[in-house]
Amino acid sequence: HRLKQAGVDFTVFEKNQEIGGVWWENTYPGCRLDTPNFAYSLSFAQKQDWKQHFSQQPEILRYLLDVVDFAGIRPHIRCDAEVEALTFDEGRAMWRVRSRSQSGTATEEDFHFVITAMGLLNRPSIPDFKGIDSFQGQIIHSAAWQKDVALEGRRVALIGTGASAFQIGPEIYRQVERLSVFQRNPPWMLPTPTYHDDLRPGMQWLLTHVPSYGRWFRFWQVWIGVEGRLHLVTVDPEWKDPVSCSAANESLRRECMETLERQFADRPDLLPKVTPSYPPGAKRMLRDNGTWPEMLKSANVDLVTTGISHLSHNAIHTVDGQVIEADVIICATGFKAADFLYPLKVTGAGGKDLHAHWDGGCRAYLGIMVAGFPNLFMTG
Numbered sequence: 604h605r606l607k608q609a610g611v612d613f614t615v616f617e618k619n620q621e622i623g624g625v626w627w628e629n630t631y632p633g634c635r636l637d638t639p640n641f642a643y644s645l646s647f648a649q650k651q652d653w654k655q656h657f658s659q660q661p662e663i664l665r666y667l668l669d670v671v672d673f674a675g676i677r678p679h680i681r682c683d684a685e686v687e688a689l690t691f692d693e694g695r696a697m698w699r700v701r702s703r704s705q706s707g708t709a710t711e712e713d714f715h716f717v718i719t720a721m722g723l724l725n726r727p728s729i730p731d732f733k734g735i736d737s738f739q740g741q742i743i744h745s746a747a748w749q750k751d752v753a754l755e756g757r758r759v760a761l762i763g764t765g766a767s768a769f770q771i772g773p774e775i776y777r778q779v780e781r782l783s784v785f786q787r788n789p790p791w792m793l794p795t796p797t798y799h800d801d802l803r804p805g806m807q808w809l810l811t812h813v814p815s816y817g818r819w820f821r822f823w824q825v826w827i828g829v830e831g832r833l834h835l836v837t838v839d840p841e842w843k844d845p846v847s848c849s850a851a852n853e854s855l856r857r858e859c860m861e862t863l864e865r866q867f868a869d870r871p872d873l874l875p876k877v878t879p880s881y882p883p884g885a886k887r888m889l890r891d892n893g894t895w896p897e898m899l900k901s902a903n904v905d906l907v908t909t910g911i912s913h914l915s916h917n918a919i920h921t922v923d924g925q926v927i928e929a930d931v932i933i934c935a936t937g938f939k940a941a942d943f944l945y946p947l948k949v950t951g952a953g954g955k956d957l958h959a960h961w962d963g964g965c966r967a968y969l970g971i972m973v974a975g976f977p978n979l980f981m982t983g
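Under this note's numbering, residues 604 to 983 are what the sequence shown spells out, in order.
Following this line, the structure appears as structure tokens:
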């Protein structure tokens with residue numbers, strides 16, 4: 604949008620069949636924002652008629668498609684064109700960009716500048732479980748959901764308790780025969796009673812009748828999410844506690860614990876399993892409106908907190924000897940976030956390979972540029 608405003612010619616390469624990125628790829632049950640949509644949306648394209656505070660995937664995708672049309676950048680976007688290599692030509696001071704369509708057709712073009720905007724949470728990561736090839740059921744990743752997967756009446760294993768699992772589990776547990784949730788570390792849950800609710804009529808009225816109210820509300824959401832809560836996660840070196848990192852952090856921990864204790868008062872056996880042993884805010888906190896505890900307490904749901912040893916043809920085996928039979932394994936196991944720009948091959952001046960230069964630890968000047976790779980700008 605800004606390049607177009609500045610009159611700079613550009614081409615966008617998109618590997619998928621349509622724009623939208625994470626909101627085009629992620630179609631798992633329950634997929635929605637856990638950041639308030641006013642703060643999440645683009646500053647230059649504010650939307651006043653959101654249906655909810657935390658919109659669902661179809662509405663976010665529709666918003667992004669509308670922004671592309673509103674900004675007039677659709678003609679600049681080339682879909683089904685995955686960039687697989689960037690090579691710098693020192694003599695011409697140009698980047699050779701090689702892209703490939705899903706049908707296998709390769710194209711090479713030259714550009715003066717390249718900006719990477721491939722995202723961090725884009726390449727699904729499925730753990731290399733011992734015996735994974737012997738499993739005869741279905742294994743799917745949350746970010747590569749198979750729309751034809753049948754869950755009704757089946758035994759399902761959900762591996763992970765992060766943001767995606769937190770949305771998937773409550774959506775599917777009522778339809779499956781048995782749901783086994785595999786947890787490595789319990790998440791801290793941020794009480795958000797309105798997480799799934801529609802905007803109230805009064806809020807809708809303000810957005811449509813009070814000039815710039817939506818922009819003010821956006822500012823408030825951003826401030827609360829960053830500066831407003833910063834003191835809650837700032838480490839006090841004088842604070843001595845086995846879990847929390849400051850007096851304010853301990854106050855947040857107690858507030859979250861009071862909610863957990865209330866939610867699991869009827870299941871004291873689960874409370875120790877869902878209680879984190881690290882400070883709230885040390886990892887991403889998840890939005891909680893009660894659906895996750897409700898799911899865990901259901902008679903057809905098990906919470907497994909021991910590690911996975913291996914898979915067999917019809918089951919997951921844990922390190923303590925449990926055998927948990929499964930027809931479908933859902934991996935909500937995150938992404939190859941540490942492999943920045945994976946699997947793109949980048950060759951800079953003097954034939955320098957970017958990934959070899961990084962040697963497993965991506966770093967850049969101001970997070971944007973790397974010496975030896977002229978006119979290559981990175982986001983993320």
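We treat Cβ as the ideally placed atom computed from N, Cα and C, and that holds for glycine. Every value quoted in this text rests on a predicted model; they were computed, and no experiment measured them.
Sheet register partners of Q655 (DSSP bridge): D801
C859 - DSSP class collapsed to helix/strand/coil: helix
Contact set for L645: own chain, Cβ-Cβ below 7 Å, skip 5 residues either direction: Within the same chain, L645 has close Cβ partners V670.
Y666, buried or exposed, once every other Cβ within 10 Å from all chains shown has been counted against 16: buried
Cβ neighbour criterion (16 or more within 10 Å) applied to E841: exposed
Residue range of the unbroken alpha helix (DSSP H) whose run includes K607: R605 to Q608
F738 vs H916 beta-carbon contact at 8 Å: With a cutoff of 8 Å on beta-carbon distance, F738 and H916 are scored as near each other.
Backbone CA spacing between E617 and W627 [nearest angstrom]: 12 Å
Sequence-distant residues of its chain with Cβ nearer than 8 Å to W895 (five each side left out): Only F769, G772, P773, M792 and L889 meet the Cβ criterion.
Whole-number beta carbon distance between A940 and S767, since they are thought to touch under 8 Å: Contact check for S767 and A940: beta-carbon distance about 14 Å, past the 8 Å limit, so the pair fails to qualify.
Any 3 or more C-beta pairs closer than 8 Å across the stretch 898-910 and the stretch 722-731: no
Three-way DSSP call (helix, strand, coil) for Y666 in this model: Note: Y666 maps to helix in three-state DSSP.
Of the listed residues L957, D962 and G963, nearest to M972 (C-alpha basis): L957
Rounded C-alpha distance that separates L810 from A918: Answer to the nearest angstrom: the Cα atoms are 51 Å apart.
Selected residue, minimal CA-CA separation from W698, among G983, G975 and T982: G975
Rounded straight-line distance, which links the Cα of Y776 to that of D637: 20 Å
Coil, strand or helix - H834 by DSSP: coil
C-beta contact flag for P789 and K886 at 8 Å: no
E628 - DSSP class collapsed to helix/strand/coil: helix
Between the CA atoms of N892 and P796 - distance to the nearest angstrom: 4 Å
Contact set for T837: own chain, Cβ-Cβ below 7 Å, skip 5 residues either direction: S849
Buried versus exposed, by CB contacts within 10 Å (16 or more), Q786: buried
Residue ranges of each beta strand (DSSP E) within the stretch 722-805, 3 or longer: 741-744, 758-762, 781-785 and 792-794
Residue span of the alpha helix (DSSP H) that contains L899, given as start and end: Per DSSP, L899 belongs to the alpha helix (DSSP H) from T894 to L899.
G953 and G765 closer than 8 Å at C-beta: no
Selection from A688, H799, R781 and S706 that minimises the alpha carbon distance to H656: In terms of Cα proximity to H656, the closest of A688, H799, R781 and S706 is H799.
Whole-number beta carbon distance between A642 and G828, since they are thought to touch under 8 Å: 6 Å
DSSP state of E583 mapped onto helix, strand, coil: Since the displayed the chain opens at 604 and closes at 983, residue 583 lies outside it and no answer follows.
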